[in-house]
Amino acid sequence: MTAAKTNPGNFFEDFSLGQLFAHATPRTITTGDVALYTGLYGPRFAVQSSDEFARGIGYPRSPVDDLIVFHTVFGKTVPDISLNAIANLGYAECRFLVPVFPGDTLSAASEVIGLRENSNRASGVVYVRTTGRNQKGETVLEYVRWVMVRKRDTLAAPPAPVVPKLAERVDPASLGRAVPPLDLSGYDFTLAGAPHRWGDYAVGEKIDHADAMTLEEAEHQIATRLYQNTARVHFNQHAQAQGQFRRRLVYGGVIMSLARALSFNGLANAFHIAAINGGRHVAPSFAGDTIYAWSEILETAEIPVRRDVGAVRARLVALKNRPGADFPWKTASGADAEGVVLDLDLWLVLPR
Amino acid sequence: MTAAKTNPGNFFEDFSLGQLFAHATPRTITTGDVALYTGLYGPRFAVQSSDEFARGIGYPRSPVDDLIVFHTVFGKTVPDISLNAIANLGYAECRFLVPVFPGDTLSAASEVIGLRENSNRASGVVYVRTTGRNQKGETVLEYVRWVMVRKRDTLAAPPAPVVPKLAERVDPASLGRAVPPLDLSGYDFTLAGAPHRWGDYAVGEKIDHADAMTLEEAEHQIATRLYQNTARVHFNQHAQAQGQFRRRLVYGGVIMSLARALSFNGLANAFHIAAINGGRHVAPSFAGDTIYAWSEILETAEIPVRRDVGAVRARLVALKNRPGADFPWKTASGADAEGVVLDLDLWLVLPR
Amino acid sequence: MTAAKTNPGNFFEDFSLGQLFAHATPRTITTGDVALYTGLYGPRFAVQSSDEFARGIGYPRSPVDDLIVFHTVFGKTVPDISLNAIANLGYAECRFLVPVFPGDTLSAASEVIGLRENSNRASGVVYVRTTGRNQKGETVLEYVRWVMVRKRDTLAAPPAPVVPKLAERVDPASLGRAVPPLDLSGYDFTLAGAPHRWGDYAVGEKIDHADAMTLEEAEHQIATRLYQNTARVHFNQHAQAQGQFRRRLVYGGVIMSLARALSFNGLANAFHIAAINGGRHVAPSFAGDTIYAWSEILETAEIPVRRDVGAVRARLVALKNRPGADFPWKTASGADAEGVVLDLDLWLVLPR
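Sequences listed follow chains A, B and C, in order. Mapping the first sequence onto our numbering, position 135 (from 1) lands on 135, and the numbers just tick up by one. Take any residue in the second sequence, count from 1 to its spot, add 1000: that is its number in our numbering. Take any residue in the third sequence, count from 1 to its spot, add 2000: that is its number in our numbering.
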């Protein structure tokens, strides 16, 4: 009887291709969430920080940070998709499509688009396409995620393997929809913190974001609960003490937000994440780790018909306990370099 | 002269039967408080999480979590009632009477309804009935609390002992006043996280809430300050290092809120605490403790004239460093079981 | 190329007399900031806590805590003024001029008003006058700060030394501009927490604020990021482990806010800081330190033409790991007493 009331989460064999999930709990985003996000990561992008700045260029007010939207939608998927996950393997085709403002209510839905059992038969990879919607039914965010999920029963028959074909990167033609037409005469580059526009970034340029943040247990727990993410590995030291790492794991989204906030120092006018082309949590982070970040410009692109903003594709790398001054990424053999914890491939939007 | 300006708190002999307190500091509750509450405990009840969900069933917007109201009112009483408390002994006859929304301002008042000196003559028990009011003067909450308070002078004469007769449980006929008439056609059980309605819970049913949270010093301090609760044992490690436990004590309300948030997993549609029939902080909790919770259904009741919602009476037990899977509560001899830190008797409201 | 994008901060030789800075990032203050400020410090002044209380005496709603304004403006100056600071030496002539409400957007500008190289030629003192403005262009705050800043090149030629003459204390005639005309018939001293008015404080009176707060890393980091203050010493344990103190330093503003919140117990009706006449961070504080505070009344003054409020000048002393009961301040030789971490000279406004 008890089991019928408590959600044990889905195991690999509970998923089927084409399966749809309408995730619980819708959540109204408020200026309270924005303040707490600021306290947890310290972002300084002017568009999200100042209603006046945002209004001066054509927003009705400051939109909330793109990653608040991402984490909120992601958090809703956890009880259905990844409560029994071993590892969050990657993201692709993530686009931010409509700006989100305080007062908007977000909900999330997912479709299973791929399944592949692992050769050890103890787990498998689940691919889902998740969409976040606002109270008007507009899709504000969509992304694909794949995650390694435990099997309940290793003897359960495997599904026919289906691995979706995912775009290597989001097409620039589909970027920037969450940015209204901007009046750049109102964009004060001094107040925004740096003079560099879209055209000032060159492919191959590497930027050490210089600053760093040491993580505390209370910080990552508060952040992760704020997104109503219930994954147990982040919260239960009593159980984690018996596990592989002996301690709580930091939700990977915390590292994403820290790296993004640190990237202000060098990318101050890249005020919007238009897309996440790909992302990997390369290694786990723990309380006490100090997170550094650096970026490399991979590509620049015009956005069709837009003269106000352009797109810069950047690799954003987060490191733990290692400065980014020498831009660590891969070893000579192609392995992830020592200290790398996050490898994100982003489309950023900047004023032209 | 200094003593005249600093509040030393009241000692047992300062209280008299019938004494009235209008407690300082009124407090306007905002969406900022709601966000911080979410970050600290991770509640997921849809009515409190989504303005759209709340409006869809008949609220003007999301009410704030019932325990925000409880803790805010409770916090105001501390400087007058329990600054010199040894232990918070119990609660009874607690009812939530009017919904509280962001923007409402809460104030608190108490009446001394009982006094009984302890046989050691060093302390006594003070019983107060506390009411919380909103800016319109409506009583939003009332409850009885009893607390063991130090005497200033062990030689002070004891008062005539008066122990109030308290109801064993709140009468179901008086429940649900904080819930407007609901249009359940708008209640989406999928978005709410579970299909179980009032009628799906049976007396004797036990539910392991499965999830758990490890407490950090920063978390319980931030929570307790948010309610403007000034009890020193929660904040002053320099002094606590000399005390019985050598460390800061976690405010019992933090455990109440954690257990309540954990109870979502199994009681997802029990969106409102209508009453606290009784409650005891069985043992102290400290930073580093991991809190688990389970519930037992004690009683179900219709609420007179209401067809929209019904009441379920549940024992909500919080444990530290011990999972709830085997439902620990009492030993064979009737003592509190190892690990139990909180024993709450609640009336919960669910859709029918 | 990288260096051109990342802000390395200014070194002593980068400053020149009369130099003007329009600091990045404007910031809209919200009720979310207020809630987080309450959670971090626990202030209880009724005017800032209750919209109803504030409206009852003539404010349109609760103004935000004065130190939220101070820290927000201060934080903006860090990337330009003190990223390479060795020590924040002092404040003077700080006045709060216009009340700030949730929804207001603050920006900051500074002028260099003094420069003096140190005799070791490795650093120098920079004096700036900083102004904070709201979205209407009104100056809400102004103050002078001096800070010791590293030289990039010890061989760089020193500037002509200019040390500004600063007022010993702000003239009472210029106080109280951020307080609208008050209707004190609406000021409920019971709800405010104490009966003591302006006339009840006497020069020479000392008040032990009795309460204390132990600092946690997560708390001071969240606070400091909330103000978008990027000074590295507060956040980077990996680098600090190699430094003089082996650990992160707590932003001095956190100590200011804790001491101010503690001062409620004895100064409950001193609801507004009108001016900071001077201030010194006497010694660094670290996570784990317990902060106590006491005040001494230095002066009382009428504010010209105002019959509603008067000013009390107080020394607010914060201590670490030492209670304030014996009012530690200076040793017989005039040195700072053991445990003193903050020495503030304030003009406070109280009802008459």
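For each residue, glycine too, the CB sits at the ideal point set by N, CA and C.
Selection of the region 2019 to 2038 of chain C by Cβ proximity to chain B, strictly under 8 angstroms | 2030, 2031, 2032, 2033, 2034, 2035, 2036, 2038
Compute the Euclidean distance between the alpha carbons of residue 162(A) and residue 77(A), then round it to the nearest angstrom.
-> 21 angstroms
Which first and last residues belong to the beta strand (DSSP E) in which residue 1127(B) is found?
-> 1123 to 1133
Any residues in the region 95 to 117 of chain A with a beta carbon nearer than 9 angstroms to a beta carbon of chain B? Which ones, in chain order?
-> 102, 103, 105, 106, 107
Any heavy atom of the ligand MG closer than 7 angstroms to the CB of residue 1224(B)?
-> The ligand MG is not part of this structure, which contains no ligands at all.
Enumerate in chain order the residues of its own chain whose CB-to-CB distance from residue 1337(B) is below 7 angstroms, with the five nearest sequence positions on each side excluded.
-> 1328, 1329, 1330, 1331
Using a C-beta to C-beta distance shorter than 7 angstroms, which residues of chain B count as neighbours of residue 218(A)?
-> 1216, 1218, 1219
Spell out a yes or no on whether the region 53 to 63 of chain A and the region 93 to 104 of chain A are touching, meaning 3 or more CB-CB pairs, one atom from each, closer than 8 angstroms.
-> yes
Beta-carbon spacing of residue 2186(C), residue 2057(C) below 8 angstroms | yes
Nearest CA to the CA of residue 2205(C): which residue from 2007(C), 2011(C), 2314(C), 2103(C)?
-> 2314(C)
Can you give, in chain order, each stretch of the beta strand (DSSP E) that sits fully within the region 1053 to 1121 of chain B and has at least 3 residues?
-> 1085 to 1096, 1105 to 1117
Within 10 angstroms of its Cβ, does residue 1001(B) collect 16 or more other Cβ (buried), or is it exposed?
-> In this prediction, residue 1001(B) has a pLDDT of 44, which is less than 50 and means its spatial position is unreliable; what the coordinates show is noted afterwards. Exposed, because fewer than 16 other Cβ atoms sit within 10 Å of the Cβ of residue 1001(B).
Closer than 8 angstroms to chain B by CB, residue 238(A) = yes
Measuring only between beta-carbons, confirm whether residue 225(A) sits less than 8 angstroms from chain B.
-> yes
Compare the C-beta of residue 1077(B) against all C-beta atoms of chain C and say whether one is closer than 8 angstroms.
-> no
For residue 21(A), write down the residues that DSSP places opposite it in a beta bridge.
-> 110(A)
Kindly indicate which three-state DSSP category residue 351(A) falls into: helix, strand or coil?
-> strand
So what does DSSP say about residue 2198(C), is it helix, strand or coil?
-> helix
Thinking C-alpha only, which one of 2291(C), 2278(C), 2023(C) is nearest residue 2144(C)?
-> 2278(C)
At 7 angstroms on the CB atoms, spell out the chain A contacts of residue 2005(C), in chain order.
-> 196, 207, 266
What separation, rounded to the nearest whole angstrom, lies between the Cα atoms of residue 2265(C) and residue 1227(B)?
-> 16 angstroms
Outcome for residue 2049(C) when other beta-carbon atoms lying within 10 angstroms are tallied against a minimum of 16 | buried
Please confirm whether residue 1149(B) and residue 1011(B) have their CB atoms less than 8 angstroms apart.
-> yes
Tell me the DSSP bridge mates of residue 2213(C)?
-> 2291(C)
Take the Cβ of residue 326(A) as the centre, count every other Cβ of all protein chains shown within 10 Å, and call the residue buried at 16 or more, exposed below.
-> exposed
Tell me whether residue 2195(C) is buried or exposed, calling it buried when 16 or more other Cβ atoms sit within 10 Å of its Cβ.
-> exposed
Presumed contact (8 angstroms Cβ cut-off) between residue 38(A) and residue 1031(B), rounded CB distance = Contact flag wrong, Cβ pair sits at about 15 angstroms.
Using a threshold of 8 angstroms, state whether the C-beta atoms of residue 2303(C) and residue 2176(C) are closer than that.
-> yes
How would you call residue 117(A), buried or exposed, if buried means at least 16 neighbouring beta carbons within 10 angstroms?
-> buried
Hey, residue 88(A) and residue 281(A): beta-carbon distance below 8 angstroms or not?
-> yes
Look at the alpha carbon of residue 225(A) and the alpha carbon of residue 1025(B), and state the distance between them as a whole number of angstroms.
-> 29 angstroms
What residues match up with residue 2336(C) in a beta bridge as DSSP calls it?
-> 2330(C)
In the region 254 to 299 of chain A, which residue ranges form an unbroken beta strand (DSSP E) of at least 3 residues, counting only runs that do not cross its ends?
-> 272 to 281
Is it a yes or a no for the region 2068 to 2084 of chain C touching the region 2235 to 2248 of chain C, going by three-plus beta-carbon pairs under 8 angstroms?
-> no
Using the beta-carbon count (16 or more within 10 Å), is residue 2172(C) buried or exposed?
-> buried
Comparing the C-beta of residue 1349(B) with each C-beta of chain A, is any distance below 8 angstroms?
-> no
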